[in-house]
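Protein chains in written order, with the numbering used here: chain A, 97 to 528; chain B, 97 to 528.
Where a beta carbon is used, it is the ideal one built from N, C-alpha and C, also for glycine.
The structure presented is a predicted model; accordingly, all values stated were derived computationally and were not measured.
For reference, the structure is listed below as structure tokens.
2 protein chains.
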Amino acid sequence: MDAKHVYVEDLKNHVGETVTIKGWLYNNRSKGKIQFLQVRDGTGIVQSVLGKGAVDDATFAACDHLPQESSLMVTGAVRQDARAPGGYELSLTAVTIVAQAQPYPIALQEHGVAFLMENRHLWLRSRKQHAILRVRAEVMRAIRDFFDSRGFVALDSPILTPAACEGTTTLFNVDYFEDKAFLSQSGQLYVEAGAMAFGKVYCFGPTFRAEKSKTRRHLTEFWMVEPEIAYATLDDVMNLAEEFITFIVQRCLERRREDLKVLERNTALLEKIRPPFPRMSYDEAAKWLHDKGLPFEDGNDLGSPDETALSQAHDKPLMIHRYPTKVKAFYMKPDPQRADRALCVDVLAPEGVGEIIGGSQREEDLAALERRLEEHKLPRAAFEWYLDLRRYGAVPHAGFGLGVERTTGWICGTEHVRECIPFPRMMYKIYP
Amino acid sequence: MDAKHVYVEDLKNHVGETVTIKGWLYNNRSKGKIQFLQVRDGTGIVQSVLGKGAVDDATFAACDHLPQESSLMVTGAVRQDARAPGGYELSLTAVTIVAQAQPYPIALQEHGVAFLMENRHLWLRSRKQHAILRVRAEVMRAIRDFFDSRGFVALDSPILTPAACEGTTTLFNVDYFEDKAFLSQSGQLYVEAGAMAFGKVYCFGPTFRAEKSKTRRHLTEFWMVEPEIAYATLDDVMNLAEEFITFIVQRCLERRREDLKVLERNTALLEKIRPPFPRMSYDEAAKWLHDKGLPFEDGNDLGSPDETALSQAHDKPLMIHRYPTKVKAFYMKPDPQRADRALCVDVLAPEGVGEIIGGSQREEDLAALERRLEEHKLPRAAFEWYLDLRRYGAVPHAGFGLGVERTTGWICGTEHVRECIPFPRMMYKIYP
């Protein structure tokens, strides 16, 4: 077997050559003197035709009874064949069985989600999970390309932090030597320091919320990108968010159309995602909910059913701005026109998906921020460094955070975010 | 002030135009009727010449006494001037002081490291820290470009994990609802599952080690990239590591030369970083240490002084392979030629920097791995999913991990890794 090792996705460049594919058995149909071995190698699946006599009898017989997911190397000539799945086929001249698998627990038929989640390490091998996680990788690549090409400096915020950013009830505690630390819920406070140093920055990493929610939208560990810009206002980041979301969606349409096809995604809905996005103040949203007869209480934050209703009513992401100050984080700047409203925005993805972005203009006034810390009963000492950003060179600034898994779920049309991260973490789920 | 807002790094495209820079005062020299305001905006520093009469007297006087790091917007015509730092100068026609800073604690002169670390959120604004963190961002970009362009799928491993990978003594404990979890020390076990699904994958995120080391090489939180490849051997990943390190270094030379100049880095040493890299077995390294008269005990892992000595003796990264099995992790495959040696490699960066990569071929045999878990007294139940990877489609596979901050430190010629991450975490350091 001295043939060149190639990957299935590169077969198109090797038509007529004899090559070796190193992979796993995905499926096998036998017709007596001829077997159709479907071999996957992580980049695709290729139908490999094995005729009796092409290999020794023992190997031919072994292939006939090989369990799914057994590892094998197959060598053969590459033929273009429009009827073959993927468009190419191998006419095998050699097969090496690397390891015979035990009977594979995940059959090609349907399984319950609990079972699949317990076997996430194997479930990853299925076509649909492949497609979702390739889209996720593309979303992450698009995020970095967007900011890197616009002069933002990638500046990672720490995970281990001494203070809470969004409130203390949803924090994970860590034993930090003789001390206590928390897992970061958001890198925002740190990227604010970064924006004062570099002008435009973003952090992009895992984020943690000890939320006792068991909804389809919640993970305890998820990835978030957080751009932050000095000398920017709420309007600036609303415009940026619009451009950013468009970039991500169009990039996935451009590069991952095959994966979206596997997922049977209605891509016509994604084609529509272009500026301008509809914008609505919180007060307008509240009125809309009342008009629809939804039991929404004025002054409250929007709940999941509210977001779902608003999001289903639009075919583009909906930007809701200026929520009541009291339901939002301490660092948001109140609207100078109306102090009980914050200069903030939530972006709700359409089709009932809900919030994928939360952002705001930050309070840059030292005295106002000090008052806010007190009102929110936050430990002043832990925030001294953050107050320094207002002591030394305060400027208007703003930013937002976008959740990767919710965005991926929206683009893929996946109902639950648990499929949108390789190894999901939820309230009762930390294995494997 | 309706002039266009541009960034200092883009001034070259606006010569002759009147533009606005939004930034902070870096330094101010006054010569009576003329002031030279050095304004930084995160992308660079521009000398801005303010003549008496160009603005009203009150503004002129205010500028004269403006503390460092006050925020201001300056408008003026862009002039090319070879004598000006950066090559361009502004002739100001308007100045808006956004916020006068309190007296800035970090003067342009030298400070002690403890003080600078306490003020990391401000220290980030200094030229040297800027240069280092821009190189770090470039290293991260290069890492992703390298793997993305070679068909690897980015597949994030979880941070919250139920089991130890490298040993339990250096784990951070997390309260996970009613349960216990650990912060991941390595995503390797997870990327192995990924490699069986996608062929070639990498994870890239923060990693945690509760090490009580207070050396210049240790952080408790650092970023690591971990590629993993199905059907790969130790030789394959040694070759890949060589190509990978070369790519990162040459990319930084290509794109961040100005930053390396700020850091006064001897780039001639980096130019040499091209394949082939020297390779040495552990036994050869042990002999080398003995010959040098170093007090190295055969059979032990290499210590910091050993790594430093070996690393200083080479002008390229040194690849040391086949360490004793007993000093290495449970998942490494023993050398079939000699069972007491593991198929592993550590790559030591030159100039005394030490280890930047650790990698190995993994044990793919189920029975051998089960024995290894027992020998290492690891909790079998937590590893059942990992054993599944050997039950269903075991193949030879290999990978490595590269630490971002050590690599950045090497490229920058920075003595201590604490300057190579925006907000370093160390044994007694979690603020800001």
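Within the same chain, Cβ atoms closer than 7 Å to the Cβ of His386(A) are found at Phe392, the five residues on either side in sequence being excluded.
In this structure, DSSP gives Ala464(A) a helical state, which the three-state scheme calls helix. Counting the other CB atoms within 10 Å of its CB gives Glu350(B) a total below 16, which places it among the exposed residues. If you look at Ala178(B), you'll find it isn't in any beta strand (DSSP E); DSSP assigns it neither H nor E. Per DSSP, the unbroken alpha helix (DSSP H) holding His217(A) starts and ends at 216 to 219.
Tyr482(B): member of the alpha helix (DSSP H) spanning 480 to 487, first to last residue. Under the three-pair Cβ rule at 8 Å, the segment 317 to 333 of chain A counts as touching the segment 493 to 507 of chain A. Taking the Cα of Gly183(A) as reference, the smallest distance to any Cα among Val174(A), Lys296(A), Thr189(A), Ile452(A) is reached at Val174(A).
Residues of the segment 127 to 142 of chain A with a C-beta atom less than 8 Å from some C-beta of chain B are Asp137, Gly138, Thr139, listed in chain order. In this structure, the CA atom of Ser282(A) is about 9 Å from the CA atom of Cys299(A).
Neighbours of Asp244(A) in chain B, taken as residues whose beta carbon is under 9 Å from its own, are Ala233, Arg237 in chain order. Neighbours of Gln198(B) in chain A, taken as residues at a C-beta separation under 7 Å, are given in chain order as Arg487, Tyr488. Under the 8 Å criterion on CB atoms, Ser167(A) is classed as interfacial with respect to chain B.
For the segment 264 to 281 of chain A, the set of residues with a beta-carbon nearer than 9 Å to any beta-carbon of chain B comprises Phe268, Asn269, Val270, Asp271, Tyr272, Phe273, Asp275, Ala277, Leu279, in chain order. Within the segment 299 to 342 of chain B, the runs of beta strand (DSSP E) that reach at least 3 residues and sit entirely inside it are, in chain order, 317 to 326.
Going by DSSP, Arg437(B) is part of the beta strand (DSSP E) stretching over 434 to 438. Ranking Glu471(B), Ala463(B), Ile416(B), Ala381(B) by CA distance to the CA of Gly454(B) puts Ile416(B) first. Taking a beta-carbon distance threshold of 8 Å, Val174(A) does not count as an interface residue toward chain B. Apart from sequence neighbours up to five positions away, the residues of its chain that approach Trp120(A) with a beta-carbon distance below 6 Å are Arg136, Glu165, Ser167, ordered along the chain.
Any Cβ of chain A closer than 8 Å to the Cβ of Ser253(B) would place that residue at the interface, and such an atom is present.
Judged by their CB atoms, Tyr103(A) and Gly448(B) are not nearer to each other than the 8 Å cut-off. Chain B places a beta carbon closer than 8 Å to that of His217(A), counting this residue as a contact. Rounded to the nearest whole angstrom, the C-alpha separation of Val333(A) and Cys440(A) is 10 Å. By the C-beta criterion, the segment 264 to 283 of chain A is judged to be in contact with the segment 301 to 319 of chain A, since at least 3 inter-stretch pairs fall below 8 Å. At a cut-off of 8 Å, the C-beta of Pro401(A) has no neighbouring C-beta in chain B. Residues of chain A whose Cβ lies closer than 8 Å to the Cβ of Trp384(B) do not exist, since the nearest Cβ in that chain is about 36 Å away. Lys118(B) is classed as buried because its beta carbon has at least 16 other beta carbons within 10 Å across all chains shown. The three-state secondary structure of Arg351(A), taken from DSSP, is helix.
For Ala381(A) and Leu406(A), the gap between their C-alpha atoms comes out near 8 Å.
With distances taken between CA atoms, Ile341(B) lies nearest to Gly499(B) out of Gly499(B), Met428(B), His314(B), Lys276(B).
Non-local beta-carbon contacts of Lys424(A) in its own chain, meaning distances under 6 Å to residues more than five positions away in sequence, involve Ala438, Cys440 in chain order. Near chain B, meaning a CB-to-CB distance below 8 Å, the residues of the segment 322 to 348 of chain A are Ala326, Tyr327. Shortest Cα-Cα distance from Val145(B) to any of Ala154(B), His110(B), Arg223(B), Pro181(B) involves Pro181(B).
At a beta-carbon threshold of 7 Å, none of the residues of chain A lie near Asp160(B); the nearest stands roughly 18 Å away. Interface with chain B (8 Å Cβ-Cβ cutoff): Ala227(A) is excluded. Not a single CB atom of chain A sits nearer than 8 Å to the CB of Ile193(B).
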